[in-house]
Each structure stands twice: as C-alpha cells, then as structure tokens.
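First to last, the protein sequences are chains A and B. Start counting the first sequence at 0; every next residue gets the next number (numbering that gives the first Met the number 0). Start counting the second sequence at 0; every next residue gets the next number (numbering that gives the first Met the number 0). The next block holds one structure in the form of structure tokens; read it before the comments.
Number of protein chains: 2
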Amino acid sequence: MSNTHTYPTEASILQLLTPPQRNLLEAKSHQINLNCHEYLFEKGDSADHVYRVNKGKVTLSRLMPNGEQKVFKVFLAGGVIAEMAVFMQPREYPMSAHVDQETTLTAYSYASFKALFISNPELSLQVISFISNRVGQLMNSLDMLTQVNANQRLVMHFADIYSKQKRSGNRFTLPNTKKVLASQLGITPETLSRLFKKLKYNGLITESGACITIPDFKCLCREVDLVPSIFKSAH
Amino acid sequence: MSNTHTYPTEASILQLLTPPQRNLLEAKSHQINLNCHEYLFEKGDSADHVYRVNKGKVTLSRLMPNGEQKVFKVFLAGGVIAEMAVFMQPREYPMSAHVDQETTLTAYSYASFKALFISNPELSLQVISFISNRVGQLMNSLDMLTQVNANQRLVMHFADIYSKQKRSGNRFTLPNTKKVLASQLGITPETLSRLFKKLKYNGLITESGACITIPDFKCLCREVDLVPSIFKSAH
DNA sequence: TGACGGCCTTGATAATTGTCAAGGAGGTAG
DNA sequence: CTACCTCCTTGACAATTATCAAGGCCGTCA
Chain A
0 MSNTHTYPTE ASILQLLTPP QRNLLEAKSH QINLNCHEYL FEKGDSADHV YRVNKGKVTL
60 SRLMPNGEQK VFKVFLAGGV IAEMAVFMQP REYPMSAHVD QETTLTAYSY ASFKALFISN
120 PELSLQVISF ISNRVGQLMN SLDMLTQVNA NQRLVMHFAD IYSKQKRSGN RFTLPNTKKV
180 LASQLGITPE TLSRLFKKLK YNGLITESGA CITIPDFKCL CREVDLVPSI FKSAH
Chain B
0 MSNTHTYPTE ASILQLLTPP QRNLLEAKSH QINLNCHEYL FEKGDSADHV YRVNKGKVTL
60 SRLMPNGEQK VFKVFLAGGV IAEMAVFMQP REYPMSAHVD QETTLTAYSY ASFKALFISN
120 PELSLQVISF ISNRVGQLMN SLDMLTQVNA NQRLVMHFAD IYSKQKRSGN RFTLPNTKKV
180 LASQLGITPE TLSRLFKKLK YNGLITESGA CITIPDFKCL CREVDLVPSI FKSAH
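Printed below as a string of structure tokens:
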C-alpha cells in the first residue's frame, strides 16, 4: 500500500487562488511532520488550519452511534483537508484525522484565508460557488446512498475513482484497503468481498492486487441496473 | 393537510442580511403566483432566482435511476428555495420544484445577490460560513443514512422535526404525508407503516392524525439503540 | 524461525427491507 | 350518490445485507 506515484487530486479551494494570492498564503504557512499512529486533529478540536498533504496519507474518520470508527475519506499527496471545517460555526473539526505512515503537511491558517477573502470580493464569490457545488455533490451522494443497493454503490464508486485517475485504458487502482472501502460504501467487509466475487465470476471486472480492470463499462452498468448517464455527475 | 399555522423555518441566507441589504434585495424582487400542479422550475433549468414561499407549499423532488420521483424536501411558508443552486456551476437547478396547491412566492435574482456579495466582503464571509455549515449538516445526514437502520432514521427524523417545532410538551406535527416521509427516509411506505405500527404497539409513540406524541424520548432512543447525544447535531 | 495480528475470504444463519397483491378509508368530480 | 383516485395498511413472500464463526494469507517483531 505504498503510494510512490501520485494520484490526481480533487479540486480544492487552493486552486481558486491567483499566483499572487497563493504566494501570500504560502508565505504564512508552516510545515508539519507526523509519525505513524499520530493524530493531526481530533473531533472537537478548534479548527484553525487547513492542511495540504505533501507526502504520506491522512485518514478522516468519525465515531458512529454504534461505537465503530467509520472512515469518511482518505487523503493522499495533494489532498486538501478541512477546507470547509475552518469556516463552520462553531469552528471545530467535525471528525478526527490520523496517519498510519510518516506524513508531511503544509498548514494554512484560517486567518490567512479570511484576510484573502475580505480583500478579494471576487475570490469570495468563487469560493461561494465552489462550496455550493460541494453541497450539490453531497446531495447527489445522499440520494445515491439511500436509493441504490450495495452493488450499484460499488460500481458508482468505481466510476468515481476511475474519473479521478486519468490513467491508460480501463484500469484503475484502489487507493484503500477493502475494509476501508466497505466502510465508505456503508457495508460490511464480508458483503463487499461477496460483491467482488460475483463481479469477478461474471467476468465484469478483473482484479490483480489493488488494480482493477473493467473490460466493458456499459456491460457492468447493465448488470447492476444502472443507467450510464449517472456518471455525468461523477467528477 | 392545510397549513394555516406557520412552522418555524430553517435558517436561510436571507437572515444574514442587514435591514438595508435586505431592502435592496426586496426592491428588486418580484412576486409569483402558482396554481395547483404547476412547476416552479424543472431540473436543468437555468438557476436564475432564489424563491421565498409566502403562502402554500413547494415540493422539491428528483428523478431516480429506477424512474421514481424522490421527494427531497417540502417547503412551507417562510421556506427559502434554491439558495445554493444559484451559485453552482453550471448554474442549473439540480432538481424540480412543483406545487400541489395555490402558492405565492417572492423571487430574488442571482444578480442582486451577486451585487450584494461583491460590495460587502464581510457578508460574503458570513455566507461562506453559512454554506460550510450546510456542508457539515449534509455530511452528518450522509453518515446517518448509511450507518443506521430505518428505525433509527425515523427516530432521528422525529428529533429533527421536533427541534424545528418549538411547541408545547412532547408533541409535534408531521408536515407531510407518510408517503413523502418514507421517500425522505429512503424506505418504502409499507416499511414505514410497519415501523409506526411497532412503535405504537410498544407504547413509544402515540398517533392522532398528523400529530405524534412521544411520552419518553430517552426510552424511545433506547428502544432503537441510539445514544441521545446524537441530537445535539440536530438543528 | 515462530508467534502474533491484521486483512480478506467463505459458509451458515438471521435480521432487515423490498416487492407484490389486496382491501379499507377518505376526498373529489361528475 | 356513485365512481374514481390516492393514501395507508396488512399479509405473504423474496431479496438484500448483517452477524457470527472459522480458516488462509501475509506482514511485522521478537
């Protein structure tokens, strides 16, 4: 589970900044090093910084009503963490972030962002657009997770990963362990294992290590009763 | 299903405005009347306006992969519609809004909001906060709908409604039909009916028309394996 | 090397939820 | 008043998913 190659990262607030604005932010940033099993922050901590992963891996998770730890998201190099949390009120991280390998990050303070926004009204507008889009995506996920079954969720997740990894052909790499994947899909590892088994048995996917190949995407969609048009919203 | 009494409304962007800002917006607004079975907008329409419900009821829904219409939300008098959609890119409504009774609304244009934000950087900051909070709420809903069972979702929904209706005692009123409620919870009407039946049989809730009474909330939580602390996030 | 501890898989079984079919209650249009 | 129509309920059954238990695989660490 090493990640020497970099994955394309999702859009972040940082990309809305012009080079001068970005320099201003970088000038006030500082570096952080974390060792295995350390926490970047815990749920409830004052949300004073946005972090960018330079090397390593950060896992965001939260405690569920049943007492289990649910993985919300995993950030690799390039990922930007807590870009929403610092603007929420009360300004507290809504979940915990820990690392299980040596990780280096850049920390940008809430105050720097605030200063940038105040002095750049057009930037603020872009940020409002950006976050509104995130709201739209979340509403889509919300339907997705309630209206479709586990099989369909898995395929949609494949499409999601695939669209973020602009690599050759019809292959992509699972960024996490299957246990984590199951947690993200809201199913148990056992159920996930069985879904994989069935898809492989039917020749709809091929698995070699963490690498998945999908010979015919439309065929896969048909199998699980999904219209391919859904994937326009993926990205 | 008349709604002569008003329900407390959720927080909206409009409430962030100072009186002068609000006046500016109102000056450029216009009124809209809709009759039964008319559409306010349909999914994909250019999202040029935010609407405020003055009288009547507006239902937001979207077409699911399986071809069914899923109700996302119902707005009564005071509700503010599409306050996020107008800032998304592409600027299109992500779902459809229709009315099934005579309804009057006030329409505020995207351009007016944009002008306000550009000339009031502090307002923009507040809006960023506001939307970020919405993101946090949606992430909570997301967990909720994937990690907990239908029984627990129902009880959490009760808590949500209750917290928004600051009325006497341990009673509250269901704002929608049970069919709509089932759709919002992501279950079938049949399943919902059976959940109600079981809760009533065990004396955990009493039902009289659209009015629900919960004698002992903690007891209800215990029954469905929920820690009451979850409800701090409600509202 | 061997022991331990994750993760992944598989089987057997149970719990949850959906589907299909039918009927009652209540409202509305003709 | 009657004929619809929709919502709500209930029953029987099927599909989906979780739970419990066990074993294999593959690391790390002593």
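Ideal Cβ placement from N, Cα and C applies to all residues, glycine included.
- Boundaries of the alpha helix (DSSP H) around Ala158/B: 149-163.
- Think of a sphere of 7 Å around the beta carbon of Leu144/B: the chain A residues whose beta carbon falls inside it are Leu141, Leu144, Thr145, in chain order.
- Interface criterion met: the Cβ of Ala84/A is under 9 Å from a Cβ in chain B.
- Counting the other CB atoms within 10 Å of its CB gives Thr212/A a total below 16, which places it among the exposed residues.
- For the pair Gln151/B and Leu198/B, the CB atoms are not nearer than the 9 Å cut-off.
- In this structure, the straight-line span from the alpha carbon of Ala106/B to that of Met63/B is close to 28 Å.
- Taken in chain order, the unbroken stretches of beta strand (DSSP E) that lie wholly in the stretch 41-114 of chain B and span 3 residues or more are 48-54, 57-62, 68-74, 95-97, 102-108.
- Under DSSP, Gln30/B shares a beta bridge with Thr105/B.
- At a Cβ-Cβ threshold of 9 Å, Lys42/B and Tyr109/B do not count as neighbours.
- Taking the CA atoms as reference points, Lys163/B sits about 18 Å from Phe129/B.
- Against Phe116/B, the close residues of chain A are Pro120, Ser123, Leu124, Ile127, in the order they occur along the chain (beta-carbon pairs closer than 8 Å).
- Counting only runs of at least 3 residues, the stretch 186-231 of chain B fully encloses the following beta strand (DSSP E) elements, listed from N- to C-terminal order: 205-207, 210-212.
- Nearest to Lys72/B by C-alpha distance, out of His156/B, Asn201/B, Ile204/B, is His156/B.
- Residue pairing by DSSP puts Phe171/B in a beta bridge opposite Ile211/B.
- For Arg170/B, not one C-beta of chain A is nearer than 9 Å to its own C-beta.
- For Leu141/A, the uninterrupted alpha helix (DSSP H) segment begins and ends at 120-146.
- Boundaries of the alpha helix (DSSP H) around Gln183/A: 177-184.
- By the rule that beta-carbons nearer than 9 Å mark a contact, Lys217/A does not touch chain B.
- CA-CA distance, Met143/A to Leu153/A, rounds to 11 Å.
- At a cut-off of 9 Å between beta carbons, Ile130/B contacts chain A.
- Tyr200/B counts as exposed, since fewer than 16 other C-beta atoms from the protein chains shown sit within 10 angstroms of its C-beta.
- In summary, Asn175/A is buried, with 16 or more beta-carbon neighbours lying within 10 Å of its beta-carbon over all protein chains present.
- Residue contact check for Gln20/B against chain A: no CB pair falls below 9 Å.
- Straight-line spacing of the CA atoms in Arg51/A and Ala114/A works out to 19 Å.
- With its beta carbon at least 9 Å from every one in chain B, Gly78/A lies outside the interface.
- Within a 10 Å sphere around the beta-carbon of Lys56/B sit 16 or more other beta-carbons, which makes this residue buried.
- The closest CA to that of Leu23/B, considering only Leu191/B, Phe112/B, Ile12/B, Asp47/B, is found on Phe112/B.
- Not a single C-beta of chain B is nearer than 9 Å to the C-beta of Arg221/A.
- The beta carbons of Leu13/A and Val70/A sit no closer together than 9 Å.
- Against Lys113/B, the close residues of chain A are Leu124, in the order they occur along the chain (beta-carbon pairs closer than 7 Å).
- Measuring C-alpha to C-alpha distances from Val134/B to each of Glu67/A, Val85/A, Gln100/A identifies Val85/A as the nearest.
- Distance between Asp47/B and Arg90/B, taken at the CA atoms: about 8 Å.
- Annotation: Ile31/B to Gly77/B spans about 15 Å, alpha carbon to alpha carbon.
- With 16 or more neighbouring CB atoms inside 10 Å of its own CB, Ala96/B falls in the buried class.
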